[in-house]
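Take any residue in the sequence shown, note its place counting from 1, add 22, and you have its number in the numbering used here.
C-beta atoms are modelled at their ideal positions from N, C-alpha and C, and glycine is treated no differently.
Notes follow once the structure below has been shown.
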Amino acid sequence: MTRRLRADAALNRDRILDAATELFAARGIAVPLDEVARHAGVGVATLYRRFPTRADLAAATFERNLSRYTDAVDRALADADPWRGFRTLVYDLCQLQASDAGLRELLTMSFPASSIIEKQSGEALAKLGALMERAKAVGALRPDLVPGDVVVMLLGNAAVVTATPESAPGAEPWRRFAALILNAFAVTPSEVLPPAQPEQQLRRSIAMLAQ
Numbered sequence: 023m024t025r026r027l028r029a030d031a032a033l034n035r036d037r038i039l040d041a042a043t044e045l046f047a048a049r050g051i052a053v054p055l056d057e058v059a060r061h062a063g064v065g066v067a068t069l070y071r072r073f074p075t076r077a078d079l080a081a082a083t084f085e086r087n088l089s090r091y092t093d094a095v096d097r098a099l100a101d102a103d104p105w106r107g108f109r110t111l112v113y114d115l116c117q118l119q120a121s122d123a124g125l126r127e128l129l130t131m132s133f134p135a136s137s138i139i140e141k142q143s144g145e146a147l148a149k150l151g152a153l154m155e156r157a158k159a160v161g162a163l164r165p166d167l168v169p170g171d172v173v174v175m176l177l178g179n180a181a182v183v184t185a186t187p188e189s190a191p192g193a194e195p196w197r198r199f200a201a202l203i204l205n206a207f208a209v210t211p212s213e214v215l216p217p218a219q220p221e222q223q224l225r226r227s228i229a230m231l232a233q
């Protein structure tokens, strides 16, 4: 392959990943791949040459954007106050899920074929574990909690966000969910709960989950 062809291939790959990131963020990873190709300005055949399956495209997109999560863990670990760092991390992760439908889905998927994702995810979990141990050592975090509990929290928050797409800014149910989680995780609960959903909106959310 000539240098020009390699450059064109790299440019097409970047265009596809840019388009996938944008469309996945707005609508989730079930967006038709021909629409991704059209949005990227490339042919469908070009997309499939670079990414033979949807899983391949999802993995490449996640590799590119995983730093948004790992950076949040790094910021939390760098905080001199371990509970404040953990608290901030919970809100940051929940907000990231709320702001990006694609990353919300990708965060709850497994990519065993991607060594990059497995490596970065493993490192992030190790750092999360270190942060939690520090918060336990100062008596702020319950001693029986493990990093897997935060993963379960993210699974729950993904469902909350998916079922409540029409919430008013600043009053999103994920904020109340995060506060409830922090009160459940803390040795001494002190998180003030944001307002609960109105009953009519709650009924719509339940109906969405039942679909």
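Looking from the CA of Asp-101, the closest CA among Arg-156, Ala-229, Asp-166 and His-61 belongs to Arg-156. Annotated as distal: Arg-164 and Val-214, with beta-carbon spacing of 7 Å or more. Judged by beta-carbon spacing, Ala-42 lies beyond the 7 Å limit of Val-66, meaning their Cβ atoms are not closer than that value.
Between Leu-153 and Phe-84, the C-beta spacing is not below 7 Å. Sequence-distant partners of Gln-119 (beyond 5 residues in either direction) whose C-beta falls short of 8 Å from its own C-beta, in its chain, are Leu-125, Arg-126, Leu-129, Leu-176, Asn-179, Ala-180, Val-183 and Trp-196.
For Ser-89, the uninterrupted alpha helix (DSSP H) segment begins and ends at 89–100. By the criterion of a C-beta distance shorter than 7 Å, Leu-150 is surrounded in its chain by Val-95, Pro-169 and Val-172, once the five residues flanking it on both sides are discounted.
Rounded to the nearest whole angstrom, the CA to CA distance from Ala-62 to Ala-47 is 15 Å. Of the candidates Ala-80, Ile-139 and Ala-159, Ala-159 places its Cα closest to the Cα of Asp-103. Under DSSP, Leu-163 forms a beta bridge with Ala-208. For Leu-204, the closest of Leu-111, Gly-50, Leu-39 and Ala-29 by C-alpha to C-alpha distance is Leu-111.
Secondary structure at Gly-178: helix, using DSSP grouped into helix, strand and coil. Here the alpha carbons of Gln-142 and Ser-212 stand approximately 32 Å from one another.
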